[in-house]
Amino acid sequence: MALQALRGTSDVLPEAITRWSAVEHTARRVSRCYGYQELRTPLIEDATLFLRSVGETTDIVQKEMFRFEDRGGHEIVLRPEGTASVVRAYLEGHLHKTEGFSKLFYLGPMFRAERPQAGRFRQFHQFGVEAIGSASPWVDAEVVTLCVEILRACGLADLTVLLSSMGCRADQARSAEQLRERLRPSLQELCKDCQGRFDKNVFRVLDCKNPACHALAWKTSGSPRPTGSHGIRGSGGHEEVGRGSPFVLCADCQAHFEQVRQALGAAGVGFDDTAVFARGLDYYTRTVFEVRAQGLGAQDAVAAGGRYDQLVEELGGPSMGAVGFAAGIERLLRAQEHGRAPSDEQRSRRGVYLAIAQPALAGEGFRLVQQLRSHGVCALMDYDHKSLKAQLREADKARCQFVAILGEAEVKQRAITLKDLEQSSQETVPLEAFAQTVAQRAKTAAAACHA
Ligand SMILES: [Zn+2]
Ligand SMILES: [Zn+2]
């Protein structure tokens, strides 16, 4: 029997890679435009990193991490999310000393041992940004705006931004006590996990995957249950902050949240600040947000994030504010199917197909193809003695912009025929100037090659 990819993992075949690359390219382009720089961190980390950041009582840490001992007895984890690693790298790379405020982004696979189901994978891919070193509410607004702009640039329509605030650590402690008081009479009705979480981190009950706990917690919290069916309300709403939310905010946190809402209003980003939701990671403080897109389930955010003002300090750095988000690339692609994704037909032609009239010309052809490539031009040729007609068919299938035809007569004259398939024009170019001519003529192709 042929071997298969592990459950919850999948291959991205060349046919699908165009859409992946387009999303990655768009995310990089828009992020750089906002002044964010890419960083890469290892796929494996010390388990302690996620215990200390994501939180010991979270589902991710309790049930979903791929955790193993290496030969030296160290506890290793396949990273389940990006933020903790980025903060660790920020500190380990001394960016807090050399750069201070840093705007970073990353792209790559994450791993969670979830039971595979529609739209959930054990190896999934995220794009994320982290702005570390500022407590300013303008940065929250920038991060939300960047998130929305990337998703829109990827062709997603009908986005709903849910915005809320979980308050500072003091607010969370106060709110937790309130929630515990309300839940205490129903403690026996909660699942085993939640009974364990009750004292340590009662907010986890709000996002328990057991529907009974979930319903009970939201009911007793006095909040409407999150439904995800809210439309975007105009920006600049004036409802009391945290209305219906299990989090009761202090004056500073309320002012911060109000500033975020105003800034988003100024940026023209619509949001819904009346929906109630909790983010299932311990490090969040103050602003949290989710972006939902049409075509995904009500509970499936395509992107989510928030502020984490204590995490840098909790991971051994100085006390400094930070905010970020992560978007799920598989989910984004799924939502794209409901929006507009670039089709093959819309993709512009690029590169050169070098066709040879006879197999004997393969050597000269190969030399020219390599010359083109070293000039940054995408170049293809046939190595299997196909007929000229078959080669021309391949050129069209590969959506090349140019076909260069090398024949016996041309080689004698040290020249080559160059056809522009987009312009339907044809000319004869001296071999000496061939690569340079094409590179100049195909600047767009070269740019696409290096994208
Ligand atoms: Zn507060
Ligand atoms: Zn539960």
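Taking the working numbering, I'd label the letters of the sequence shown as residues -2 to 448. Glycine included, each C-beta is placed from N, C-alpha and C at the ideal position.
Residue i, DSSP secondary structure in three states
i	result
Lys451	Shown here, the chain extends from -2 to 448; a query on residue 451 therefore has no answer.
Gly231	Unreliable positioning characterises Gly231 in this predicted model, as indicated by a pLDDT of 31, which lies under 50. The coordinate reading is nonetheless provided below. Here Gly231 sits in coil by DSSP.
Arg117	strand
Glu361	helix
Gly303	strand
Ser316	coil
Lys416	strand
Lys383	coil
Glu237	In this prediction, Glu237 has a pLDDT of 35, which is less than 50 and means its spatial position is unreliable; what the coordinates show is noted afterwards. Looking at Glu237 - three-state DSSP - the assignment turns out to be coil, as it is neither helix nor strand.
Pro208	helix
Glu334	coil
Val408	helix
Thr6	coil
Gly280	Checking the sequence shown, residue 280 turns out to be Tyr, not Gly. Coil.
Ser422	strand
Ser18	helix
His122	strand
Glu12	helix
Asp67	coil
Val270	The sequence given here places Asp at residue 270; Val does not occur at that position. In this structure, Asp270 counts as coil in the three-state DSSP scheme.
Phe244	coil
Glu356	In the sequence under discussion, the amino acid at residue 356 is Pro, which differs from the Glu named in the question. Three-state DSSP puts Pro356 in a helix.
Leu0	coil
Glu61	helix
Glu287	strand
Lys216	helix
Nearest residue (CA-CA) to residue i, options the options
i	options	result
Leu308	Leu10, Val9, Leu48, His22	Leu48
Leu351	Gly321, Ser162, Ala401	Ala401
Gly125	Glu361, Ser422, Val27, Gln291	Val27
Asp204	Thr54, Leu358, Leu92, Gln368	Thr54
Phe399	Lys416, Ala412, Ala436	Lys416
Gln114	Asp168, Gln251, Gly294, Leu46	Gly294
Ala300	Glu311, Phe102, Glu310, Val288	Val288
Ala314	Ala264, His93, Pro11	First, the residue type needs correcting, since residue 314 is Gly and not Ala in the sequence shown. Ranking Ala264, His93, Pro11 by Cα distance to Gly314 puts His93 first.
His22	Leu0, Cys151, Ala332, Tyr280	Cys151
Val349	Leu46, Phe431, Gln251	Phe431
Phe102	Val84, Thr434, Gln368, Arg171	Val84
Val266	Val145, Arg346, Ser82, Gln256	Val145
Cys30	Leu36, Gln59, Lys100, Met(-2)	Lys100
Ile413	Glu61, Val426, Ser384, Ser421	Val426
Arg411	Glu429, Gln251, Ser421, Glu174	Glu429
Where the beta strand (DSSP E) containing residue i begins and where it ends
i	result
Val350	First, the residue type needs correcting, since residue 350 is Tyr and not Val in the sequence shown. First-last of the beta strand (DSSP E) with Tyr350: 349 to 353.
Gly193	Note, Gly193: premise wrong, no beta strand (DSSP E); alpha helix (DSSP H) at 189 to 197.
Glu174	Counting along the chain, Glu174 falls outside any beta strand (DSSP E), though it belongs to the alpha helix (DSSP H) covering 166 to 180.
Ser99	99 to 108
Thr38	Counting along the chain, Thr38 falls outside any beta strand (DSSP E), and DSSP gives it neither H nor E.
Leu157	The sequence given here has Thr at residue 157, not Leu. 156 to 162 is the extent of the beta strand (DSSP E) around Thr157.
Leu92	It is not in any beta strand (DSSP E) - Leu92 instead sits in the alpha helix (DSSP H) that spans 92 to 95.
Ile452	Not covered by the structure: residue 452. The range shown for the chain is -2 to 448.
Ile402	399 to 403
Any non-hydrogen atom of ligand 2 within 7 Å of residue i CB
i	result
Leu187	yes
Asp204	no
Asn198	no
Asp190	yes
heavy atom of ligand 1 below 7 Å from residue i C-beta
i	result
Ala167	yes
Asp137	no
Cys210	no
Cys397	no
Gly318	no
Gly303	no
Asp249	yes
Leu246	yes
Gly164	yes
For residue j and residue i, believed in contact at Cβ under 8 Å, the rounded distance
i	j	result
Ala127	Ala319	Contrary to the premise, residue 127 reads as Glu rather than Ala in this sequence. The Cβ separation is near 6 Å, so the contact holds.
Val202	Cys210	6 Å
Phe244	Thr284	Not a contact, Cβ separation roughly 11 Å.
Val51	Leu330	Rounded, the Cβ-Cβ distance is 25 Å, inconsistent with contact.
Leu160	Asp269	7 Å
Arg149	Leu156	7 Å
Leu365	Cys397	Their Cβ separation, rounded to whole angstroms, is 14 Å, which puts Leu365 and Cys397 out of contact at 8 Å.
Arg76	Glu42	5 Å
Val74	Ile326	Their Cβ separation, rounded to whole angstroms, is 21 Å, which puts Val74 and Ile326 out of contact at 8 Å.
Element boundaries [alpha helix (DSSP H), containing residue i]
i	result
Pro134	134 to 150
Arg258	248 to 264
Ala376	Careful: Ala376 lies outside any alpha helix (DSSP H), inside the beta strand (DSSP E) at 376 to 378.
Leu184	Element bounds for Leu184: n/a, residue is neither H nor E.
Glu311	308 to 311
Phe431	431 to 438
Leu88	80 to 89
Ala44	44 to 50
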